[in-house]
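As structure tokens, the structure follows; a few thoughts come after it.
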Amino acid sequence: MVEQYGATSSGVDVTEQTALTLPYAYASIKVLAETVAHVPLQIMREGKKGAEPATNHHLYEMITTMPTDRHTPYHFKDTLEAHRNGWGNGYAEIVFQAGKPIDMKMLYPNNTHPRVHEHTDSVVYAITENQGGTRVLPASDVLHVSGMGFDGLAGYSPVQLAKESIGLGMAIHEFGASFFAGGATPKGIIETETAPNTLIKFIQEYKQRYGNINTSHETHILPKGMVYKPLTINPDDAQTLETLKYNRTEIAAIYRVPPQFIMDMEFNTFTNASEMDSHFFKHTMIPIFTNWEQELNRKLLTAKERRLGYYFKFDVFWLLRGDTTARYAAYHQALQDSWLTRNEVRVMEEFPERADMEGVLTPTNMQTPSDKEKTHGTPAPSDNTAPVVKALAERMVSNERKTLAKIGENISKGATFYNHKYPEFIKKHLLPIAIMVEHRLYEGLEAGDFMEKFINRQVINFI
Numbered sequence: 003m004v005e006q007y008g009a010t011s012s013g014v015d016v017t018e019q020t021a022l023t024l025p026y027a028y029a030s031i032k033v034l035a036e037t038v039a040h041v042p043l044q045i046m047r048e049g050k051k052g053a054e055p056a057t058n059h060h061l062y063e064m065i066t067t068m069p070t071d072r073h074t075p076y077h078f079k080d081t082l083e084a085h086r087n088g089w090g091n092g093y094a095e096i097v098f099q100a101g102k103p104i105d106m107k108m109l110y111p112n113n114t115h116p117r118v119h120e121h122t123d124s125v126v127y128a129i130t131e132n133q134g135g136t137r138v139l140p141a142s143d144v145l146h147v148s149g150m151g152f153d154g155l156a157g158y159s160p161v162q163l164a165k166e167s168i169g170l171g172m173a174i175h176e177f178g179a180s181f182f183a184g185g186a187t188p189k190g191i192i193e194t195e196t197a198p199n200t201l202i203k204f205i206q207e208y209k210q211r212y213g214n215i216n217t218s219h220e221t222h223i224l225p226k227g228m229v230y231k232p233l234t235i236n237p238d239d240a241q242t243l244e245t246l247k248y249n250r251t252e253i254a255a256i257y258r259v260p261p262q263f264i265m266d267m268e269f270n271t272f273t274n275a276s277e278m279d280s281h282f283f284k285h286t287m288i289p290i291f292t293n294w295e296q297e298l299n300r301k302l303l304t305a306k307e308r309r310l311g312y313y314f315k316f317d318v319f320w321l322l323r324g325d326t327t328a329r330y331a332a333y334h335q336a337l338q339d340s341w342l343t344r345n346e347v348r349v350m351e352e353f354p355e356r357a358d359m360e361g362v363l364t365p366t367n368m369q370t371p372s373d374k375e376k377t378h379g380t381p382a383p384s385d386n387t388a389p390v391v392k393a394l395a396e397r398m399v400s401n402e403r404k405t406l407a408k409i410g411e412n413i414s415k416g417a418t419f420y421n422h423k424y425p426e427f428i429k430k431h432l433l434p435i436a437i438m439v440e441h442r443l444y445e446g447l448e449a450g451d452f453m454e455k456f457i458n459r460q461v462i463n464f465i
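If you count the sequence shown from 1, position 423 lands on 425 in the working numbering, and the numbers rise without skipping.
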């Protein structure tokens, strides 16, 4: 039935199958289908602490691993979306067991026809079997991802709506193929006084000899009395390449795909890639994802499950990632604003979590007075121990220098000094100061810990 509507003004019959032979139509459909296919689809549940994947739901395995017994999730989504962009509709039969979906089977769009039942006034799907005969399924048993339509039952075929543009592109390609099959030379005429009915054998031999790309450039040898006169190319015919460029952009626009996505790089500067990706996501893919999600929610979930907060969602994060610099800048801002933890960032970048990266980071200048009190407790007294600490450090360093001067290059004595005598000297003189600092300034910090920090930060600086 589709074939009879395929005739175009260009003389080329356009059907959903033949349209795929036009590179730009094929590429446009492929971009949309592969984008839907590679974005993860999950069943989620909205809870008190936000939404999270419903890994315990019986549909989780089917949707994320094996939606049909023949296809991966990628292949299933890729095929259904390609059907939607070619025929205007993608169909899959839902197989139920004990009232629960357990499998799906893809249906050919040209064999599936939705209609309103004449007795029940409900939507049903008439499916023509390959072996002959027709079976009818209720709407609840068919996942139907449709394109733009008129009657609310089926979507229009984009190929049929745009058949003139697609037919023009196909005609130009056929013209180019025929042109080069003839050696890329213009047509010519042969003048002769011989009667036409006596030239049949000559015409056949002439076409066989000079009618292909390998021999058309050779010198034409004609019988006596015949003259070959080549025709020049019409200047308008030379605009074929410009027409092809226009046709390529036009078909990309029909599918709302940026021309650069089908490798039309004529005006691409690679400076606006992020903006172009964002525009494509917002104006082309979001409506498509929403269409899929709402149909999945309606057909695969019960009313009770929807009330419990279950829903389907495409994880579009990977479409919005951007380049590394922009992505890391966004992570940094999210960490500063305290709405992501470092572990959550690591998970998004597919790194393992770390025990020391739990919890949000809150900048001091964004804390409330109560938060500061919880974090720091009672304000500590001012630090007036610095002169004492500094004097002690200078004394310790001076003692070490004098001892090293006496030891000289005696390695054995040097080892004894550093391993035994010097640590005891430090503990004897530093520990009282550490205890004082512990009580006055660093509540909750052990004196021994402070002493170690002090050695690392103060004493070593004097050596």
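C-beta: ideal position from N, C-alpha, C; glycine also.
Original post:
Would you call the region 137-148 and the region 163-175 in contact, with 3 or more CB pairs under 8 Å?
Top reply: By the criterion of at least three beta-carbon pairs nearer than 8 Å, the region 137-148 is not in contact with the region 163-175.
Original post:
For Gly88, does the three-state DSSP call read helix, strand or coil?
Top reply: In this structure, Gly88 counts as helix in the three-state DSSP scheme.
Original post:
Using the beta-carbon count (16 or more within 10 Å), is Met398 buried or exposed?
Top reply: By the neighbour-count rule (16 or more Cβ atoms within 10 Å), Met398 is buried.
Original post:
Straight-line CA distance for Leu145 to His60?
Top reply: Cα-Cα distance, rounded: 18 Å.
**OP:** Starting from Glu36, trace the beta strand (DSSP E) both ways and give me its first and last residue.
**Re:** That residue, Glu36, is in no beta strand (DSSP E); its alpha helix (DSSP H) goes Pro25 to His40.
**OP:** Report, in whole angstroms, the separation of the C-beta atoms of Lys79 and Leu43, which I expect to be a contact under 8 Å.
**Re:** Contact annotation, Lys79 with Leu43: C-beta distance approximately 7 Å; criterion of less than 8 Å satisfied.
Original post:
Hey, quick one: how far does the beta strand (DSSP E) through Ala47 stretch, first residue to last?
Top reply: Before going further, note that residue 47 is Arg rather than Ala in the sequence given. Segment Leu43 to Gly49, the beta strand (DSSP E) holding Arg47.
Subject >> Option in Lys315, Glu277, Asp279 and Arg308 with minimal Cα separation from Trp294 >> reply: Checked all of Lys315, Glu277, Asp279 and Arg308; the closest Cα to Trp294 is Lys315.
Original post:
Considering Asp105, what are the terminal residues of the alpha helix (DSSP H) in which it resides?
Top reply: No alpha helix (DSSP H) contains Asp105, which is instead part of the beta strand (DSSP E) from Lys102 to Leu109.
Original post:
What is the rounded straight-line gap between the Cα of Ile45 and the Cα of Asp279?
Top reply: The C-alpha of Asp279 is placed about 26 Å away from the C-alpha of Ile45.
Original post:
How many angstroms separate the CA atom of Met350 from the CA atom of Pro69?
Top reply: The straight-line gap from Cα to Cα measures roughly 25 Å.
Subject >> Span separating the alpha-carbon of Ala382 from that of Ala53 >> reply: Confidence at Ala382 is low in this model, with a pLDDT of 49, below 50, so the placement of that residue is unreliable and no value is reported for it.
Subject >> Three-way DSSP call (helix, strand, coil) for Val318 in this model >> reply: In the structure shown, Val318 sits in a helix (DSSP, three-state: H, G or I).
**OP:** Give me the Cα-Cα distance between Leu303 and Glu63, rounded to the nearest whole angstrom.
**Re:** Whole-angstrom Cα-Cα distance: 14 Å.
Subject >> The alpha helix (DSSP H) enclosing Ile256, as first and last residue numbers >> reply: First-last of the alpha helix (DSSP H) with Ile256: Thr242 to Ile256.
Original post:
Would Ile264 be called buried (16 or more neighbouring beta carbons within 10 Å of its own) or exposed?
Top reply: With at least 16 other beta carbons inside 10 angstroms of its own, Ile264 counts as buried.
Subject >> Exposed unless 16 or more other CB atoms sit within 10 angstroms - verdict on Thr37 >> reply: Looking at its Cβ environment, which holds 16 or more other Cβ atoms inside 10 Å, Thr37 is buried.
Subject >> Close-in-space but distant-in-sequence residues of the same chain around Arg308 (CB under 7 Å, 5 per side omitted) >> reply: So the qualifying residues of the chain are Asn299.
Original post:
In angstroms, rounded to a whole number, what distance separates the CA positions of Ile290 and Gln210?
Top reply: Whole-angstrom Cα-Cα distance: 53 Å.
Original post:
Cα separation between Lys32 and Tyr110?
Top reply: Looking at the two C-alpha atoms, the distance is approximately 18 Å.
Subject >> CB-CB length for Leu22 against Tyr28, believed under 8 Å >> reply: By a beta-carbon distance limit of 8 Å, Leu22 contacts Tyr28. Their separation comes to about 5 Å.
Original post:
Ile215 by DSSP, collapsed to three states: which one?
Top reply: Because Ile215 carries a pLDDT of 49, less than 50, the predicted location of this residue cannot be relied on, and the following value inherits that uncertainty. Three-state DSSP puts Ile215 in coil, outside helix and strand.
Original post:
Does the count of Cβ pairs from the region 87-102 and the region 330-340 closer than 8 Å reach three?
Top reply: Two segments are said to touch when three or more pairs of C-beta atoms, one from each, lie closer than 8 Å; by this definition the region 87-102 does not touch the region 330-340.
**OP:** Keeping to the same chain, check which residues put their C-beta closer than 6 Å to that of Lys408; ignore five residues upstream and five downstream.
**Re:** Here the set comprises nothing.
Original post:
Under the rule that 16 or more other beta-carbon atoms within 10 Å means buried, what is Asn132, buried or exposed?
Top reply: Asn132 is exposed by the Cβ-count criterion.
**OP:** Return no unless some Cβ of chain B is closer than 7 Å to the Cβ of Gly134.
**Re:** The displayed structure is made up of one protein chain only, and chain B is not part of it.
**OP:** Name the two residues that bound the continuous alpha helix (DSSP H) containing Glu297.
**Re:** It spans Ile288 to Leu302 - the alpha helix (DSSP H) in which Glu297 sits, taken as one unbroken run.
**OP:** Please state if the CB of Ile192 and the CB of Tyr230 are separated by a distance shorter than 7 Å.
**Re:** Contact flag set, yes.
Original post:
Are Asp71 and Asp105 close, meaning C-beta to C-beta below 7 Å?
Top reply: Cβ distance < 7 Å, so Asp71 and Asp105 count as in contact.
**OP:** Excluding the 5 residues preceding and the 5 following Asn91 in the sequence, name in chain order all residues of the same chain whose CB lies nearer than 6 Å to its CB.
**Re:** Excluding sequence neighbours, Asn91 sits near Pro111, Ser148, Ala156 and Gly157.
Original post:
Shortest alpha-carbon distance to Gly49 belongs to which of Arg403, Leu310, Asp339 and Thr66?
Top reply: Of the listed residues, the one whose Cα sits closest to Gly49 is Leu310.
Subject >> Sheet register partners of Ser148 (DSSP bridge) >> reply: Asn91.
Subject >> Among Gly178, Leu243, Phe283 and Glu244, nearest to Pro260 - alpha-carbon criterion >> reply: Of the listed residues, the one whose Cα sits closest to Pro260 is Phe283.
Original post:
Residue range of the alpha helix (DSSP H) that Ile65 falls in?
Top reply: Bounds of the alpha helix (DSSP H) holding Ile65 are Tyr62 to Thr66.
**OP:** Give the single residue among Arg86, Val318 and Arg47 whose Cα lies nearest to the Cα of Val161.
**Re:** For the residues Arg86, Val318 and Arg47, the minimum Cα distance to Val161 belongs to Arg86.
Subject >> Neighbour-count burial assignment, Val16, 16 or more Cβ in a 10 Å radius >> reply: Answer is buried; the Cβ neighbour count reaches 16.
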